[in-house]
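Presented below is the structure to which this report refers.
In UniProt numbering, the protein residues as written are 1 to 220.
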């Protein structure tokens, strides 16, 4: 049975663009009718299974089910994927993704290539994915997989780092949560896939960390 996710949002303004952060690891950009996300790593579970590591196939099932609910909820017309849509070689997970895409024949996919996106161009053509490398710019918002030194006139959105925050609780307990990292000229996306680690070491000067759980979004 597919779990219905709770979608909580928090609006921020970046370079005069209103972006809607969500607790489901994506941003909704209403002006472009687009969902912005990064690091799906489709093919990762099958890649590890091929090496004899027992990763459950439900990992991809859950990620795609969550993404489907987000597309329907926001009525998104475009996915802007800021790198690492895929993980490695072509495997059975990509066949599953192709079947999943058949539910969204009118959906536009824009991929800014990441370090794991190493498939042949013919594969991207087959999936009807518009590929950009190294970056894509829309209305003074630049999308690039790995963070770069921002320019004065352009707000940068990137992925790759899988940002998170370690929060200390009572009794020396700590909890790690994914987050959106935001400065005045850049934003780092959390990894969309749940089958990823968290980097709690990297932080930027004057950075706001918008952490999230299944129930909400809060700033740390």
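Every residue, glycine too, gets a C-beta built ideally from N, C-alpha and C.
In this text, all values refer to a predicted model and were calculated from it rather than measured experimentally.
Note on residue 126: under 16 other CB atoms within 10 angstroms of its CB, so exposed under the neighbour-count rule. A check of alpha carbon separations from residue 130 across 108, 32, 98 identifies 108 as the nearest. Here residue 40 has 85, 192, 193 as same chain residues with Cβ atoms under 6 Å from its own Cβ, once five neighbours each way along the sequence are excluded.
Residue 4 sits in coil when the DSSP states are folded into three classes, being neither helix nor strand.
Counted as a single uninterrupted DSSP element, the beta strand (DSSP E) harbouring residue 209 occupies residues 208-212. Put simply, the region 80-94 touches the region 27-46. At least three CB pairs are less than 8 Å apart. Cβ contact annotation for residue 89 (same chain, cutoff 6 Å, sequence separation greater than five): none. The shortest C-alpha to C-alpha distance from residue 202 to any of 77, 44, 71, 146 is the one to 146.
Proximity of the region 173-180 to the region 112-122 falls short of the contact definition, fewer than three beta-carbon pairs being nearer than 8 Å. Our two residues, residue 183 and residue 69, have alpha carbons roughly 29 Å apart in a direct line.
Less than 8 Å separates the beta-carbon of residue 217 from that of residue 23. Under the DSSP assignment, residue 55 falls outside any beta strand (DSSP E); it carries neither an H nor an E label. Going by beta carbons, residue 6 and residue 219 fall outside the 8 Å limit. When only Cα atoms are considered, residue 21 and residue 74 end up about 12 Å apart.
In the DSSP annotation of this structure, residue 155 is not part of any alpha helix (DSSP H); the continuous beta strand (DSSP E) holding it starts and ends at 155-158. When rounded, the separation of the alpha-carbon atoms in residue 114 and residue 79 is 15 Å.
No residue range can be given for residue 40, since it is assigned to no alpha helix (DSSP H) and is classified by DSSP as neither H nor E.
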